[in-house]
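Position 55 of the sequence shown, counted from 1, bears residue number 55 in the UniProt record's numbering, the numbering being contiguous throughout. Glycine included, every Cβ here is placed at the ideal spot set by N, Cα and C. Predicted model, so just to flag it, every value in this text is computed and none were measured.
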Amino acid sequence: MEALTGSCLMIPCSFRTKSEDQTISGGTIYGVWIKNDPKFGLNPNNVIYNSSKTVNSYPVTITGNLRQRNCTTLFSALKATYTDMYYFRIENGALKATAPCDPVQINVTDSPQKPRIEISGDLREDVSVTITCSASTPCPHLPPKLTWNLQAEPDNHREENTDGTFTTKIQETITLSDQHDGFTINCSASYPVTEGIKTEETQQTLNVSYAPKDTSASISPSAVVSAGSWVNLSCSSRARPPVSSFTWFQISSDGAKANVSKGAFYTFNATGGGVYYCVASNGLGAQPSPMLHLTVGGTEKLLSLGAVVGGITGVFVLLCMVVVTWRLKSKNQSSQTQVTTGEDSKTEDETIHYGEINFSSRRSKPSPDSHEQQQDTVYAQVSVSGRGNPLRQAAGGQDDIYAQIN
1 MEALTGSCLM
11 IPCSFRTKSE
21 DQTISGGTIY
31 GVWIKNDPKF
41 GLNPNNVIYN
51 SSKTVNSYPV
61 TITGNLRQRN
71 CTTLFSALKA
81 TYTDMYYFRI
91 ENGALKATAP
101 CDPVQINVTD
111 SPQKPRIEIS
121 GDLREDVSVT
131 ITCSASTPCP
141 HLPPKLTWNL
151 QAEPDNHREE
161 NTDGTFTTKI
171 QETITLSDQH
181 DGFTINCSAS
191 YPVTEGIKTE
201 ETQQTLNVSY
211 APKDTSASIS
221 PSAVVSAGSW
231 VNLSCSSRAR
241 PPVSSFTWFQ
251 ISSDGAKANV
261 SKGAFYTFNA
271 TGGGVYYCVA
281 SNGLGAQPSP
291 MLHLTVGGTE
301 KLLSLGAVVG
311 GITGVFVLLC
321 MVVVTWRLKS
331 KNQSSQTQVT
341 TGEDSKTEDE
351 TIHYGEINFS
361 SRRSKPSPDS
371 HEQQQDTVYA
381 QVSVSGRGNP
391 LRQAAGGQDD
401 IYAQIN
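Here it is in structure tokens:
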């Protein structure tokens, strides 16, 4: 039996005599525990407990009723030195017997035993299973406290085994799903001892079987391709056991569905558009992926697109030319207006008047030598200012008058 230092050990015990003639008399009955060697007469120090004595070398108490052949015994305040083989002896008047063939091996250690995790039922999604964590309870008076990550405050309950020993347990019933796959259960057992608390823990990872989940499909290089292009489709999913098959289906434009390929990858030459999806399967079920919509375009669509882009570019260039022409025209008109205004002002300031004056009536008779001079016309520029004709002054500033003199 396994025991923990600083704790106790309950040893379930019962006995029977060799023959029915050997009965328990009404006299005093004693129980004796001997270690190492049942022949205690040769070594009296091997007797560690005798109920007939008030002082014994080991803290031992026989809790069973010896007259009912129950020799259940409690070892207290265990030490590592208590590890040994122990024999039980009964003394009742003339009846004195030792059980050398049925010794009890006691192992006292500083560390408690690991708790045990047990799962009832098949580890498969949608199946309800009961998970139990149990710890040996060698000292029923100081049982361990069990905790785990399935419940915050689990209910600890103690059970007696068929051999008379005790076990402390906690339980939880859950319905498994794919989310439990890979989940690790941690269970710890804390034993109270004279020095405080000693804890040991154990772990178990769940391997839950489930049908395919998160099935998805992808397309490359793009969902819109030109006719004759190569298209690559790929399908992925997770499952336990792993996916055994991938199947590809196509839904054409008229709604017809066809099985087009098998395997995680499907490569084909695109001649027309359609809808594609894959189905992942294993022994537990199947799951389809979302739909992939493939669009196939011809060369004429590319040309149309080029024409549209070219038309937009032409309109933009034309608008730019109109704007530039308008700005240049506006600038020229402004310059011409300024030049015309300057010329009008100059013309108005410089009005030229021509007049003919004949002085012949007042000249003396010319001499023959001056005949040639009389034929000459003399122009003189007369500047008229000051008091002149008011109308002529109003017409514009200073006037220049040319006169012809004969």
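{"query": "Quick one: what's got a C-beta closer than 6 Å to Ser57's C-beta in the same chain, skipping five residues either side?", "result": "Ile48"}
{"query": "Kindly indicate which residue of Glu195, Thr202, Gln179 and Cys187 has the alpha-carbon position closest to the one of Pro212.", "result": "Gln179"}
{"query": "For Leu4 and chain D, any beta-carbon pair shorter than 8 Å?", "result": "Among the chains of the structure shown, chain D does not appear; only one protein chain is present."}
{"query": "Does the pairing of the segment 98 to 108 with the segment 157 to 168 give three or more beta-carbon distances under 8 Å?", "result": "no"}
{"query": "For my contact list, Ser237 and Ala280 are in at a C-beta cut-off of 8 Å; report their separation, rounded to the angstrom.", "result": "4 Å"}
{"query": "Over the uninterrupted beta strand (DSSP E) stretch that includes Ala286, give me the two end residues.", "result": "Gly285 to Pro288"}
{"query": "What whole-angstrom Cβ distance do Asp181 and Tyr210 have, given they're in contact under 8 Å?", "result": "6 Å"}
{"query": "Could you give the residue range of the beta strand (DSSP E) that holds Ser244?", "result": "Per DSSP, Ser244 belongs to no beta strand (DSSP E) and is neither H nor E."}
{"query": "According to DSSP, what are the bridge partners of Tyr210?", "result": "Arg240"}
{"query": "With 16 as the cutoff for other CB atoms within 10 Å, does Pro143 come out buried or exposed?", "result": "buried"}
{"query": "If you draw a straight line from the alpha carbon of Arg158 to that of Lys35, how long is it in whole angstroms?", "result": "30 Å"}
{"query": "Using 8 Å as the threshold, is the segment 258 to 269 in touch with the segment 234 to 248, meaning 3 or more CB pairs across them?", "result": "yes"}
{"query": "Beta-carbon within less than 6 Å of Leu302's beta-carbon, same chain only, minus the 5 sequence neighbours each way: which residues are those?", "result": "The predicted model places Leu302 with a pLDDT of 42, which falls under 50 and marks its position as unreliable, so this point remains unresolved."}
{"query": "If contacts are defined as beta-carbon pairs under 8 Å, then Phe88 and Tyr82 qualify, I think. What distance do you get, rounded to the angstrom?", "result": "Not confirmed; about 16 Å, so no contact."}
{"query": "So what does DSSP say about Ile312, is it helix, strand or coil?", "result": "helix"}
{"query": "Are the Cβ atoms of Ile11 and Thr54 separated by less than 8 Å?", "result": "no"}
{"query": "Rounded to a whole number of angstroms, what is the C-alpha to C-alpha distance between Asn156 and Pro290?", "result": "48 Å"}
{"query": "Label Arg327 either buried or exposed according to how many other C-beta atoms from any shown protein chain fall within 10 Å of its C-beta, with 16 as the threshold for buried.", "result": "exposed"}
{"query": "Reducing DSSP to helix, strand and coil, say where Phe15 ends up.", "result": "coil"}
{"query": "With respect to the beta strand (DSSP E) encompassing Glu160, which residues constitute its N-terminal and C-terminal limits?", "result": "His157 to Glu160"}
{"query": "Excluding sequence positions up to five away, which residues of its chain have a Cβ less than 6 Å from the Cβ of Met1?", "result": "Ile106"}
{"query": "At a cut-off of 7 Å, would you count Val275 as near the ligand ADP, judging by its Cβ distance to the nearest heavy atom?", "result": "Absence of the ligand ADP is noted for the structure shown, with no ligands found whatsoever."}
{"query": "Between the Cα of Ser218 and those of Glu201, Lys169, Ser128 and Pro288, spot the shortest distance and give me the residue it belongs to.", "result": "Pro288"}
{"query": "Straight-line CA distance for Val193 to Val127?", "result": "40 Å"}
{"query": "Quick check: what's the CA-CA separation for Ile312 versus Thr325?", "result": "20 Å"}
{"query": "Give me the Cα-Cα distance between Arg67 and Cys13, rounded to the nearest whole angstrom.", "result": "13 Å"}
{"query": "Pick out whichever of Thr61, Ile185, Phe15 and Arg116 has its Cα sitting closest to the Cα of Asp102.", "result": "Phe15"}
{"query": "Suppose contacts are defined by Cβ-Cβ distances below 8 Å. Is residue 444 in contact with Asn50 by that definition?", "result": "Nothing in the structure corresponds to residue 444, since the chain is present only between 1 and 406."}
{"query": "Where do the N-terminal and C-terminal ends of the beta strand (DSSP E) with Ala3 fall, by residue?", "result": "Glu2 to Leu4"}
{"query": "Determine whether the beta carbon atoms of Ile119 and Cys133 lie at a separation below 8 Å.", "result": "no"}
{"query": "State the Cα-Cα distance for the pair Ala270 and His293, rounded to the nearest angstrom.", "result": "12 Å"}
{"query": "Can the beta-carbon of Phe249 be found closer than 8 Å to that of Tyr277?", "result": "yes"}
{"query": "Can you give me the Cβ contacts of Ala97 inside the same chain, cut-off strictly under 6 Å, excluding the 5 residues immediately before and after it?", "result": "Ile90"}
{"query": "Arg240 to Ser252, Cα distance in whole Å?", "result": "33 Å"}
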